[in-house]
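**Q**
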Amino acid sequence: MAGYLARRFSLMILTLFGISVIVFVLLRLVPGNIADILFDSAGMINPADKKQIEQELGLDRPIAVQYAAWIGGLFEGDLGYSYKTDRPAIEEIAPRIPVTAKLAALALAFSVLFGVPLGVISAVRQNSALDYLLRVVSLSGLSMPSFWLGLLVLMAFVSAFGTIPIYTDPPQSLWDELLLLSVPAAAVGFRSSALIMRLTRSAMLEVLRQDYIRTARSKGATERSVNYHHALRNAILPLVTVIGIEAAFLIGGLIVTETVFNIPGVARFLIESIAWRDYPIVQNLVMFIAVIVVVANFIVDLLYAVLDPRIRYAR
Amino acid sequence: MRRPFHACVTIGGLLGAMLFIAAAPAAEPKHGGILRMYHRENPPSASIHEEATYSTVVPFMPIFNNLVMYDQHVAQNSLQSIVPDLATSWAWSKENTELTFKLRQGVKWHDGKPFTSKDVKCTFDMLMGKSSARFRKNPRRTWYDNVSDVTTNGDFETAFHLKRPQPALLALLASGYTPIYPCHVSPADMRSRPIGTGPFKFVEWKQNESIKLTRNPDYWKKGLPYLDGIEFTIIPNRSTAILAFVAKRLDMTFPTEVTVPLLKDVMAQDPEAICKLVPLNVSTNIIVNRDKPPFDNPDVRHALALTLDRKAFIDILEEGKGDVGGSMLPPPEGVWGMPKEMLETIPGYGPDVAKNRAEARKIMEKLGYGPDKPLAIKVSTRNLAVYRDPGVILIDQLKKIYIDAELEPVESGSWFAKVARKDYVLGLNLTGNSVDDPDQGFYENYACGSERNYTQYCNKELEKKFDEQSTETDLEKRKKLVWDIDKQLQEDVARPILFHIRQATCWQPYVKNVTVMVNSSYNGYRYEDAWLDK
Chain A
3 MAGYLARRFS LMILTLFGIS VIVFVLLRLV PGNIADILFD SAGMINPADK KQIEQELGLD
63 RPIAVQYAAW IGGLFEGDLG YSYKTDRPAI EEIAPRIPVT AKLAALALAF SVLFGVPLGV
123 ISAVRQNSAL DYLLRVVSLS GLSMPSFWLG LLVLMAFVSA FGTIPIYTDP PQSLWDELLL
183 LSVPAAAVGF RSSALIMRLT RSAMLEVLRQ DYIRTARSKG ATERSVNYHH ALRNAILPLV
243 TVIGIEAAFL IGGLIVTETV FNIPGVARFL IESIAWRDYP IVQNLVMFIA VIVVVANFIV
303 DLLYAVLDPR IRYAR
Chain B
35 MRRPFHACVT IGGLLGAMLF IAAAPAAEPK HGGILRMYHR ENPPSASIHE EATYSTVVPF
95 MPIFNNLVMY DQHVAQNSLQ SIVPDLATSW AWSKENTELT FKLRQGVKWH DGKPFTSKDV
155 KCTFDMLMGK SSARFRKNPR RTWYDNVSDV TTNGDFETAF HLKRPQPALL ALLASGYTPI
215 YPCHVSPADM RSRPIGTGPF KFVEWKQNES IKLTRNPDYW KKGLPYLDGI EFTIIPNRST
275 AILAFVAKRL DMTFPTEVTV PLLKDVMAQD PEAICKLVPL NVSTNIIVNR DKPPFDNPDV
335 RHALALTLDR KAFIDILEEG KGDVGGSMLP PPEGVWGMPK EMLETIPGYG PDVAKNRAEA
395 RKIMEKLGYG PDKPLAIKVS TRNLAVYRDP GVILIDQLKK IYIDAELEPV ESGSWFAKVA
455 RKDYVLGLNL TGNSVDDPDQ GFYENYACGS ERNYTQYCNK ELEKKFDEQS TETDLEKRKK
515 LVWDIDKQLQ EDVARPILFH IRQATCWQPY VKNVTVMVNS SYNGYRYEDA WLDK
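Protein chains in written order, with the working numbering: chain A, 3 to 317; chain B, 35 to 568.
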């Protein structure tokens with residue numbers, strides 16, 4: 003196991019290094035830099051002023067020097083300064099992470115709490131009216147664009163309650179925060195729950211056909227015990243993979259939800275920073291998301307060994 | 035007998051009430067409350083002098099004063115509506131080449147330091163590039179090309195020395211784009227933590243979240259402002275922003291941001307809201323590369339001018355509410371626009387579009403083009419809906435004269451660099467005029483070498499006329515000169531103007547004393563006497 007962990011850890015470092023190079027180079031391949039964007043809002047370009055800005059920000063240095071400066075800073079905990087605001091990048095990024103993390107956690111909780119049980123019910127009541135209904139609901143969840151669903155939800159709130167569940171002021175209490183985030187979490191969780199529900203259903207159907215399930219029933223196990231203790235436990239492995247991937251990508255994938263519900267999280271901030279070519283913010287945020295994805299995948303792999311005793315990681 | 039008596043009493047009572055209401059004074063402004071608006075985007079910076087977007091002017095104009103400003107309750111900006119601000123009075127010299135301002139005493143910056151003439155000189159030295167303190171960007175440097183120097187005479191007098199008379203200098207100084215900056219605060223600090231002398235002080239700007247201003251208790255206009263503060267919530271998604279207004283989470287929309295189609299939604303969902311639809315003094319236009327084929331050929335440019343059906347643009351994009359005009363905003367809202375009868379004499383502006391297009395087709399056929407041999411070009415534009423949509427209509431209209439155009443959307447960050455390189459054939463462009471004055475419009479957009487003269491159109495003879503109208507002190511004579519120049523610019527196909535945009539501002543009925551400017555979207559956001567009747 004120690005050998006496996008060491009190998010995975012070094013692979014993770016290599017992966018993150020590769021991602022850092024890719025994001026660094028890709029950003030500089032995209033046309034325009036911060037100086038171009040600054041002049042965009044001025045409606046003109048002055049080449050001399052533009053060159054001055056590029057020099058001040060170190061954008062005229064060779065690309066390898068810029069990369070080394072960034073990575074060197076990362077090792078020292080220095081994430082650099084935002085080109086747009088001149089404030090330390092960490093001060094711009096850090097307050098936004100908990101906002102998105104809470105939203106992602108709520109969305110994931112919604113998708114698992116709805117997706118898994120409904121998938122089990124759908125599988126157990128295969129081809130019943132309830133099964134068809136749940137399959138239509140899951141298809142709609144997969145088909146509806148999240149921005150469209152989000153706007154529909156907002157319009158429904160305004161029409162029905164005369165209120166709008168968007169972020170305009172920081173919430174004053176945990177309960178306020180929960181209320182504020184629950185609606186967007188449900189909107190984005192609806193799509194994930196649809197995916198999880200369908201996967202749960204198909205994994206469960208496969209397991210429910212196995213001999214040991216028939217044996218469990220014949221030994222007198224209750225339906226609840228058969229479905230959840232025997233069947234779901236064996237169907238859960240592919241679900242863990244999907245839930246792990248969904249969790250990782252939710253951090254970066256909440257752009258539309260944060261935009262529609264006006265939530266000041268990292269996802270929306272990342273998009274705006276890309277538009278601004280705010281390299282320190284984009285590079286550091288993308289690396290943060292990469293770390294989350296890599297670690298999430300690692301945790302998922304470890305969970306396999308916990309959930310399935312047949313899986314053991316050796317050297 | 036009782037009924038007639040009761041009727042008399044009732045009628046008498048009603049009459050009395052009517053008289054009372056008629057005689058009653060207008061409601062007294064109430065102190066207090068925070069005016070809540072949404073902001074359409076995270077502003078590029080807080081430094082008004084360094085930006086050319088009203089995304090910066092709207093939230094930060096309440097922080098400042100100018101030397102002079104446009105009366106915030108006269109909807110049409112003009113030289114006649116300019117009122118004192120930090121300057122208490124001004125006078126032209128006999129030759130009209132020196133403009134002297136007497137400055138207000140006892141004014142303090144928000145950090146307590148005193149305002150003096152030194153601050154005026156500092157501000158304009160930076161704008162003219164004469165100061166060691168530099169703006170990172172200076173989009174209105176050309177406004178002061180005619181100013182040779184700004185001098186001070188003691189702490190409360192300052193003078194602008196001009197190379198030649200320019201009555202419109204006052205118009206430029208009154209613009210929301212010309213606040214007075216403090217000498218003692220660096221341009222870098224003004225980009226993120228601005229200090230002014232205005233009715234509101236800067237509190238905080240949470241990037242992509244909100245901008246908060248608070249009442250300046252030491253404002254030099256005693257008793258003002260009425261509001262405790264102004265808060266802008268940054269909501270880039272327009273649908274979300276409008277829904278928030280309709281749900282009364284916000285008191286006001288971002289000024290002039292409600293499009294004509296959205297206005298109908300707002301009125302339907304919030305019938306109590308007050309909305310004003312006005313021209314922005316922003317035109318949708320075409321930039322033409324005159325140095326590259328095919329539009330280096332004046333005949334092809336003439337054909338382009340003839341095929342344009344401006345009414346179609348307005349009907350499709352503005353549901354009939356936009357305005358046709360030249361480079362100056364047309365009347366009645368615009369002060370300097372050509373009258374309709376003059377406009378219609380310009381090729382392409384006449385009402386008979388079919389006849390114009392037939393003439394255009396003849397021109398193209400003479401040049402060897404036809405239905406089987408179209409001219410293939412690209413129409414470049416910024417990759418934003420407000421640019422792309424008219425681009426699509428333009429392409430359809432070009433097809434009528436054998437021009438097969440393909441839309442080339444260009445990412446915003448690359449647009450001005452591409453235009454500066456003249457790496458386009460035709461471009462679909464928007465031009466905002468910060469002041470309804472020819473000195474701003476002509477010099478910025480058509481003067482040789484101007485950074486915002488995107489096509490680098492250069493007509494030295496015509497530029498002499500720019501100077502002639504700029505020097506003219508008689509309003510009516512100046513108008514005629516301006517009309518002639520504008521007509522020639524359109525005949526030259528310098529930058530064909532498609533239409534002038536109209537958009538709306540909406541606010542809840544309890545928001546009082548808000549006036550929407552009808553000929554500039556950059557000058558009306560001081561809010562020093564706005565109040566909330568709740």
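C-beta atoms are modelled at their ideal positions from N, C-alpha and C, and glycine is treated no differently. Source: prediction; values computed, not measured.
On the criterion of 16 or more Cβ atoms from any shown chain inside 10 Å, does B/K171 qualify as buried, or is it exposed?
**A** Buried is the call here.
**Q** Please name the residue in A/I55, A/N264, A/Y69 and A/Q54 whose C-alpha comes closest to that of A/V25.
**A** That would be A/Y69, whose Cα lies nearest to the Cα of A/V25.
**Q** Would B/W370 be called buried (16 or more neighbouring beta carbons within 10 Å of its own) or exposed?
**A** Its Cβ being crowded by 16 or more others within 10 Å, B/W370 is buried.
**Q** Is any beta-carbon of chain A found at less than 8 Å from that of B/E442?
**A** With 8 Å as the cut-off, B/E442 does not count as an interface residue toward chain A.
**Q** With a threshold of 16 other CB atoms inside 10 Å of the CB of A/S130, please say whether the residue is buried or exposed.
**A** Label assigned to A/S130: exposed.
**Q** Which residues, taken in chain order from the segment 67 to 97 of chain A, show a beta carbon closer than 9 Å to some beta carbon of chain B?
**A** From the segment 67 to 97 of chain A, only S84, K86, T87, D88, R89, E94 and P97 have a Cβ closer than 9 Å to chain B.
**Q** Residues in its own chain within less than 7 Å of B/K310 by CB, not counting five upstream and five downstream?
**A** These residues qualify, in order along the chain: A538, T539 and V550.
**Q** Give me, in chain order, the residues of the same chain whose beta-carbon lies closer than 6 Å to that of B/W449; leave out the 5 immediate sequence neighbours on both sides.
**A** Excluding residues within five positions, the ones whose Cβ falls inside 6 Å are R416.
**Q** Just confirm the distance between the C-beta atoms of B/A121 and B/L101, as a whole number of angstroms; I'd bet it's less than 8 Å.
**A** Yes, they are in contact, since the Cβ atoms of B/A121 and B/L101 sit about 4 Å apart, within 8 Å.
**Q** Kindly indicate if chain A contains any beta-carbon less than 8 Å away from that of B/I320.
**A** No, because no Cβ of chain A sits closer than 8 Å to the Cβ of B/I320.
**Q** Under 8 Å, do A/V114 and A/V155 count as touching if we go by C-beta distance?
**A** No, the pair does not count as a contact, with Cβ atoms beyond the cut-off.
**Q** Just by C-beta distance, which residues in the segment 265 to 283 of chain B are closer than 7 Å to chain A?
**A** Hits within the stretch, in order: T267, I269, P270, N271, S273, T274, L277, A278, V280, A281 and R283.
**Q** Taking its Cβ as the centre, do 16 or more other Cβ atoms sit within 10 Å of B/R174, making it buried, or is it exposed?
**A** Buried, since its Cβ has 16 or more Cβ neighbours within 10 Å.
**Q** Which residues in chain B sit within 7 Å of A/M46, going by Cβ to Cβ distance?
**A** Neighbours of A/M46 on chain B, chain order: P173, F450, E485 and R486.
**Q** Checking contacts by CB at 8 Å: is A/M146 closer than that to chain B?
**A** No, because no Cβ of chain B sits closer than 8 Å to the Cβ of A/M146.
**Q** Residues in the same chain with beta-carbon distance under 8 Å from A/G75, minus the five sequence neighbours each way, listed in chain order, please.
**A** Here the set comprises L81 and G82.
**Q** Output, in sequence order along the chain, the residues in the segment 139 to 173 of chain A whose CB is closer than 7 Å to any CB in chain B.
**A** From the segment 139 to 173 of chain A, only L153, L156, M157, V160, G164, T165, I166, I168 and T170 have a Cβ closer than 7 Å to chain B.
**Q** Expressed to the nearest angstrom, what Euclidean distance is found between the alpha-carbon atoms of B/P408 and B/P328?
**A** One C-alpha to the other measures close to 12 Å.
**Q** If I'm right that B/S151 touches B/T192 with Cβ under 8 Å, what's the distance once you round it to whole angstroms?
**A** Right, their Cβ atoms sit about 4 Å apart.
**Q** Leaving out the 5 sequence neighbours to the left and right, which residues in its chain are closer than 7 Å to B/L207 when beta-carbon positions are compared?
**A** Hits under 7 Å: N100, L101 and V102.
**Q** With a threshold of 8 Å on Cβ separation, who are the neighbours of B/I427 within its own chain once the five nearest residues in sequence on each side are excluded?
**A** Within the same chain, B/I427 has close Cβ partners A346, F347, I350 and L351.
**Q** Between the segment 225 to 242 of chain A and the segment 44 to 61 of chain A, are three or more C-beta pairs nearer than 8 Å?
**A** They do not touch, by the three-pair rule.
**Q** Is the shortest distance between the beta-carbon of A/R317 and the beta-carbons of chain B less than 8 Å?
**A** For A/R317, the pLDDT reaches just 49, beneath the cut-off of 50, and the residue's location in the model is therefore unreliable, leaving the point undetermined.
**Q** What are the boundary residues of the beta strand (DSSP E) that B/A121 is part of?
**A** Residues A121 to W126.
**Q** Classify B/K246: buried if its beta carbon has 16 or more other beta carbons within 10 angstroms, exposed otherwise.
**A** Looking at its Cβ environment, which holds 16 or more other Cβ atoms inside 10 Å, B/K246 is buried.
**Q** Using Cβ-Cβ distances below 7 Å, what residues of the segment 20 to 47 of chain A are close to chain B?
**A** Result list: P33, G34, D38, I39, L40, F41, D42, S43, A44, G45, M46 and I47.
**Q** Between the Cα of B/P270 and those of A/R270, A/I95, A/I276 and A/P90, spot the shortest distance and give me the residue it belongs to.
**A** For the residues A/R270, A/I95, A/I276 and A/P90, the minimum Cα distance to B/P270 belongs to A/R270.
**Q** Can you grab the Cα-Cα spacing for the pair B/V316 / B/P364, in whole Å?
**A** One C-alpha to the other measures close to 11 Å.
**Q** Check B/M71 in the structure and name its three-state DSSP category.
**A** Reduced to three states, the DSSP call for B/M71 is strand.
**Q** Short check: CB of A/I198 to CB of A/G246, under 8 Å?
**A** Contact flag unset, no.
**Q** What does B/A439 pair with, by DSSP beta-bridge criteria?
**A** Paired residues: B/I411.
**Q** Check whether the Cβ atoms of B/E502 and B/L523 lie closer than 8 Å to each other.
**A** No, the Cβ-Cβ distance between B/E502 and B/L523 is not below 8 Å.
**Q** Evaluate B/A56 with the Cβ neighbour count: other Cβ atoms within 10 Å of its Cβ, from every protein chain shown; 16 or more gives buried, anything less gives exposed.
**A** A caution first: B/A56 carries a pLDDT of 45, below 50, which makes its placement in the model too unreliable to give a value.
**Q** With 8 Å as the threshold, decide whether the Cβ of B/S209 is near any Cβ in chain A.
**A** For B/S209, the answer is no, since every Cβ of chain A falls outside 8 Å of its Cβ.
**Q** Quick check on A/P311: does DSSP put it in helix, strand or coil?
**A** If DSSP states are grouped into helix, strand and coil, A/P311 belongs with coil.
**Q** Bridge partners for B/A193 per DSSP, in chain order?
**A** B/A193 is bridged to B/T134 and B/T185.
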